[in-house]
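Down below is the structure, laid out as structure tokens.
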Amino acid sequence: MSFDTNVTLPDPATDRGAFRAHARKWLAENLPSTLQADSLDFKYPSLDEARVWEAAMHKAGLWGMTWPKEYGGHGLTLREHLAVNKEVGAVLMPESVGSIGKELAGPVIMAVGTEAQKNHFLPNILTMSHMWCQGFSEPEAGSDLARLRTRAVQQEDGSWRINGQKIWTSGAAKADYCLLLTRTGTVADKHRGMLMFAVPMNTPGIRVVNIKSIDGKDSFAEVFFDDVVVADDARLGAPDEGWSAAIRVLSIERATNRMYRPWRFEAELKFLVKALKSDPDLAVKLEDADVQKRIGQIVTEIDGLKGLIERAVDQMMGGAPIGARGSLSKLSWSETHQSFMGFAYEMISTVTPLNSPLAQRAKKHFTTAYLFARAETIYAGTSEVQCDIIAQRILNLPTELKA
Ligand SMILES: Cc1cc2nc3c(=O)[nH]c(=O)nc-3n(C[C@H](O)[C@H](O)[C@H](O)COP(=O)(O)OP(=O)(O)OC[C@H]3O[C@@H](n4cnc5c(N)ncnc54)[C@H](O)[C@@H]3O)c2cc1C
Numbered sequence: 140m141s142f143d144t145n146v147t148l149p150d151p152a153t154d155r156g157a158f159r160a161h162a163r164k165w166l167a168e169n170l171p172s173t174l175q176a177d178s179l180d181f182k183y184p185s186l187d188e189a190r191v192w193e194a195a196m197h198k199a200g201l202w203g204m205t206w207p208k209e210y211g212g213h214g215l216t217l218r219e220h221l222a223v224n225k226e227v228g229a230v231l232m233p234e235s236v237g238s239i240g241k242e243l244a245g246p247v248i249m250a251v252g253t254e255a256q257k258n259h260f261l262p263n264i265l266t267m268s269h270m271w272c273q274g275f276s277e278p279e280a281g282s283d284l285a286r287l288r289t290r291a292v293q294q295e296d297g298s299w300r301i302n303g304q305k306i307w308t309s310g311a312a313k314a315d316y317c318l319l320l321t322r323t324g325t326v327a328d329k330h331r332g333m334l335m336f337a338v339p340m341n342t343p344g345i346r347v348v349n350i351k352s353i354d355g356k357d358s359f360a361e362v363f364f365d366d367v368v369v370a371d372d373a374r375l376g377a378p379d380e381g382w383s384a385a386i387r388v389l390s391i392e393r394a395t396n397r398m399y400r401p402w403r404f405e406a407e408l409k410f411l412v413k414a415l416k417s418d419p420d421l422a423v424k425l426e427d428a429d430v431q432k433r434i435g436q437i438v439t440e441i442d443g444l445k446g447l448i449e450r451a452v453d454q455m456m457g458g459a460p461i462g463a464r465g466s467l468s469k470l471s472w473s474e475t476h477q478s479f480m481g482f483a484y485e486m487i488s489t490v491t492p493l494n495s496p497l498a499q500r501a502k503k504h505f506t507t508a509y510l511f512a513r514a515e516t517i518y519a520g521t522s523e524v525q526c527d528i529i530a531q532r533i534l535n536l537p538t539e540l541k542a
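What follows is the structure, encoded as structure tokens:
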């Protein structure tokens, strides 16, 4: 695959709409039909193909918009990031294979990393030379991360010895680095004494055991750390900064990560309707009043989600922290999409093999998406936990019912 990356980016200071128009035009001219889920040519890219594609997107100004130019970014603002995301969402390309690096590790390194770490890691993330995974969850510590046990002990020569186990680590088998959350004290210390590392995944003592997910993919893994020794320069931030860095990661994950979602959901809805119309046996379902009502509800939910994202961008552009409001987006997109995928699967799954090829393509897309959507109300914090955060930190409701 080769793409046109010899582009001059428009200056958003002189023409705001130009940046979105640039993204739309570049995607129209460069996105192959094999990477569009609503095309009959669609084929899942190999990891190498996905890396080449995402590196080209970055060069063309469609990734790393907000990162400083000295670290390989485009030195723009969240507004351009959002403008590009609207166009990325509108074309049903595969989800990024590098989003943990680009959307979680990168921002944390930018916030707490040393100059040497920024110079080393940030450009390599954007060019897709380094893939990352996120080692937070453990068998006894998921929603309540403060219970994590993976221990890092500093040795006399300054290096750190790490022992413990992580679970549900997405993309661990493909990752070059792990954004690893550890503790330097005991579990009783709770949020204190936590430390984050950038651990090279080829360090001796690391063992990755894949877990098959419901959609049949090896999308995540258990990762075991047995006497893994890393140099002190693998540490991200000060020994007591681990918890605040982890909270920063989680709030990004809930608020600004994959901002394209509502525009993608909208593209999926258009694809579903087009596929149903292409098959006479399925098209009649669209005449049903309940089906029409449900589609209307989905459109309304997607529009509400767009509003939440636009507002979050306005607030962050005004200097406000993301804070607990990220939970509103997380709860909203995951519940909306999970229920939409349930509806889509129900509508398309009865297609018969001899009917419309587009409906067959849609069946494949929506079956995988429906299965993966089961996880959406779990990862990045479960819906119950988001409700707790909204109740306590936005609505200031009492935390316990008193007798
Ligand atoms: C597809 C997928 C990818 C993932 N990728 C990663 C990754 O890359 N890196 C990583 O570190 N982790 C990852 N995770 C793990 C994810 O973050 C955890 O699964 C999640 O935080 C929930 O933790 P748990 O599974 O231990 O469930 P638990 O925390 O044990 O929760 C079990 C149930 O109890 C409920 N519950 C827990 N606490 C409360 C509470 N205070 N109030 C009300 N209800 C509560 C939960 O809502 C849930 O229903 C991934 C998970 C999935 C599904």
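All the letters of the sequence shown, read from the start, carry residue numbers 140 to 542 under the working numbering.
Note that the Cβ used here is the ideal one computed from N, Cα and C, for glycine as well.
Based on the DSSP secondary-structure assignment, which residues constitute the bridge partners of W299? Q293, V369
Under 8 Å: do the region 352-363 and the region 209-228 share three or more Cβ pairs, one atom per stretch? no
Output the distance between the C-alpha atoms of E449 and I239, rounded to the nearest integer angstrom. 22 Å
With which residues is V452 paired in a DSSP beta bridge? According to DSSP, which records beta bridges pairwise, V452 is partnered with nothing at all.
What do you get for P496, buried or exposed, if any count of 16 or more other CB atoms within 10 angstroms of its CB means buried? exposed
Is Q304 near ligand 1, judged by its Cβ being under 7 Å from some heavy atom? no
C-alpha gap between A311 and V347, whole angstroms: 7 Å
Hey, is the region 221-237 in contact with the region 144-159, meaning 3+ C-beta pairs nearer than 8 Å? yes
Can you have a look at K503 and say buried or exposed, based on whether 16 or more other CB atoms are within 10 angstroms of its CB? exposed
Using the Cβ count rule (16 or more neighbours within 10 Å means buried), how would you classify N145? exposed
Span of the alpha helix (DSSP H) holding Q499? 496-512
Please specify which runs of the beta strand (DSSP E), each continuous and at least 3 residues long, are wholly inside the region 241-329, giving them in chain order. 271-274, 290-293, 299-309, 316-322
Determine contact between the region 235-254 and the region 375-382, defined as no fewer than three beta-carbon pairs at a distance below 8 Å. yes
Is D379 a contact residue of ligand 1, with contact defined as CB to any heavy atom under 7 Å? no
Return yes when at least one heavy atom of ligand 1 lies under 7 Å from the C-beta of Y518, else no. yes
Find out if the Cβ-Cβ distance for the pair M270, V191 is shorter than 8 Å. no
Chain-order list of residues whose beta-carbon lies under 7 Å from that of K351 (same chain, five-residue window excluded): D357
Looking only at DSSP bridge pairs, what is A337 linked to? L318
For K541, name the three-state secondary structure that DSSP assigns. Below a pLDDT of 50, predicted positions are generally treated as unreliable, and K541, at 48, falls in that range; no measurement from the model is reported.
Residues in its own chain within less than 7 Å of K313 by CB, not counting five upstream and five downstream? L186, M270
Where T475 falls, given that 16 or more other Cβ within 10 Å makes a residue buried: buried
Run the proximity test for V524: is its beta-carbon closer than 7 Å to any non-hydrogen atom belonging to ligand 2? Summarising the ligand content, the structure contains ligand 1 and does not contain ligand 2.
Sub-8 Å separation of I461 and A394 beta-carbons: yes
Nearest to C526 (by Cα), restricted to the options S282, L265, T205: S282
Can you tell which of E380, E405, T491, L215 has the C-alpha that lies nearest to the C-alpha of A229? E405
Coil, strand or helix - A519 by DSSP: coil
Return the CA-CA distance between F364 and T289, expressed in angstroms with no decimal places. 8 Å
If we ignore side chains and look at the alpha-carbon of each, how far apart do A530 and P246 end up? 28 Å
CB L318 to CB G381, shorter than 8 Å? no
Local conformation of T144 per DSSP, three classes: coil
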